[in-house]
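FYI, the working numbering numbers position 148 of the sequence shown as 713, with every residue one higher than the one before it. Glycine included, each C-beta is placed from N, C-alpha and C at the ideal position. This one's a predicted model, so the numbers in the text were calculated from it and none came from an experiment. Reviewing the structure listed below.
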Amino acid sequence: MLAPSLLSACRGRKAPLYKISLAQWSLHRTFWDESLDKDPLDFPVIARQDFGIEAVEYVNQFYPGRARDEKYLAELKKRCDGEGVVSLLIMCDNEGNLGDPDEEKRLEAVANHHKWVEAAAFLGCHSIRVNARSEGSYEEQMKLAADGLRKLCEYGDRYNINVIVENHGGLSSNAKWLSEVMRMVDHPRVGTLPDFGNFRISADEEYDRYLGVKELMPWAKGVSAKSHEFDEEGNEIHTDFYRMLRIVKDSGYRGYIGIEYEGSGLDEYAGTRATKALLEKAILSVS
Numbered sequence: 566m567l568a569p570s571l572l573s574a575c576r577g578r579k580a581p582l583y584k585i586s587l588a589q590w591s592l593h594r595t596f597w598d599e600s601l602d603k604d605p606l607d608f609p610v611i612a613r614q615d616f617g618i619e620a621v622e623y624v625n626q627f628y629p630g631r632a633r634d635e636k637y638l639a640e641l642k643k644r645c646d647g648e649g650v651v652s653l654l655i656m657c658d659n660e661g662n663l664g665d666p667d668e669e670k671r672l673e674a675v676a677n678h679h680k681w682v683e684a685a686a687f688l689g690c691h692s693i694r695v696n697a698r699s700e701g702s703y704e705e706q707m708k709l710a711a712d713g714l715r716k717l718c719e720y721g722d723r724y725n726i727n728v729i730v731e732n733h734g735g736l737s738s739n740a741k742w743l744s745e746v747m748r749m750v751d752h753p754r755v756g757t758l759p760d761f762g763n764f765r766i767s768a769d770e771e772y773d774r775y776l777g778v779k780e781l782m783p784w785a786k787g788v789s790a791k792s793h794e795f796d797e798e799g800n801e802i803h804t805d806f807y808r809m810l811r812i813v814k815d816s817g818y819r820g821y822i823g824i825e826y827e828g829s830g831l832d833e834y835a836g837t838r839a840t841k842a843l844l845e846k847a848i849l850s851v852s
């Protein structure tokens, strides 16, 4: 039986409001460095054993030609299950522009994402993350991106998979633009993946990151805690994580928050651990 003082301490300890996931991009140099011999199949094992993280976000670039390889995906799922790790989403790049002004290319881009919708469903994910790239005027790009996203959401319906857009350069880093795209798509499967740091619209234009996250949170089906550099106290020097967590909490979002370390000052393992330590403190501050 626990002593009264220990019982009191346990009751007084706050439970974290959010669980933490690991975006595979945090280790992109590690997986691309052949000399390190790190197998992308082992990503869930690495997440659990090296970082104590029990949820993962894949990057399709590490699995070329594997989206419909059921034997390979079954092995990946087996390794997740063996570690008690859940699969949340697949970040999809290099599959064409969903807002391409050429209708044939736009439809091709939508079709190129189908295999990742299927893979996400097989792995037990809730979403794929896509890009809303387009060309043309502000309004034209909005309509084109909405068209491609809606078509992909309709395919996602078949597999119970959401289609979420990250602020990821160009007009997608303008939160007002992306919010309007969400309204135009008007589909329950479409959503956002607000990233703390990706608000560079162009070389000479950057959107306010705190305003941007606040504006994107109503559609959020995930959150990406981007980090680059840390000060001596362990705080990210570009983003106030505590302020961001208040924005996330105030939105009503209660899903996972993903670590995405993208810095070069620390190696990827140290940077991921530094991000986790900071994120844990920021989460407790709002719990």
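Under the three-state reduction of DSSP output, Gly721 falls in the helix class. Distances from the alpha-carbon of Ile611 to those of Tyr628, Gln626, Asn625, Ser591 put Ser591 closest.
Rounded to whole angstroms, Asp665 and Ala785 show a C-alpha spacing of 24 angstroms.
Taking 7 angstroms as the cut-off, the Cβ atoms of Glu731 and Arg754 do not count as close. For Tyr834, the three-state secondary structure derived from DSSP is helix. Sequence-distant partners of Thr837 (beyond 5 residues in either direction) whose C-beta falls short of 8 angstroms from its own C-beta, in its chain, are Leu587, Ser591, Leu592, Phe616, Ile824, Tyr826. At least 7 angstroms separates the beta-carbon of Gly689 from that of Ser737. It is roughly 20 angstroms from the alpha-carbon of Lys846 to the alpha-carbon of Glu833. In the DSSP annotation of this structure, Leu582 is not part of any beta strand (DSSP E), being labelled neither H nor E. Looking at the DSSP output, Glu622 shares a beta bridge with Ala588, Leu654. When rounded, the separation of the alpha-carbon atoms in Ser699 and Ile726 is 23 angstroms. Residue pairing by DSSP places Gly823 opposite Ser586, Ser789 in a beta bridge.
DSSP places Ser738 outside any alpha helix (DSSP H), giving it a letter other than H or E. Secondary structure at Phe596: helix, using DSSP grouped into helix, strand and coil. An exposed status is given to Trp597, since fewer than 16 other beta-carbon atoms sit within 10 Å of its beta-carbon. Note: Thr757 is bridge-paired with Val730, Ala785 in the DSSP secondary-structure output. Beta-bridge partners of Val695 (DSSP): Val730.
Our two residues, Arg774 and Tyr807, have alpha carbons roughly 13 angstroms apart in a direct line. Annotation: Cys657 to Ile618 spans about 22 angstroms, alpha carbon to alpha carbon. If you draw a straight line from the Cα of Arg631 to the Cα of Tyr623, it is about 12 angstroms long. The criterion of a C-beta distance shorter than 7 angstroms is satisfied by Tyr772 and Phe764. The beta carbon of Asn677 sits closer than 7 angstroms to the beta carbons of Glu660, Gly661 from its chain, once the five residues preceding and following it are set aside; these are given in chain order. In this structure, Val650 sits away from Val682, with a CB-CB distance that is not shorter than 7 angstroms. Judged by beta-carbon spacing, Ile729 lies within the 7 angstroms limit of Leu758, meaning their Cβ atoms are closer than that value. Here Leu714 really is in contact with Val750; their C-beta atoms are around 5 angstroms apart, less than 8 angstroms. Excluding sequence positions up to five before and after Lys642, its CB lies within less than 8 angstroms of the CB of Ser652, Phe687, Leu688, Gly689, all in the same chain and listed in chain order.
Relative to Pro609, the option among Arg644, Phe795, Arg671 whose CA is nearest is Arg644.
Within the DSSP secondary-structure output, Gly630 pairs in no beta bridge.
When secondary structure is reduced to three states using DSSP, Glu770 falls in the strand class.
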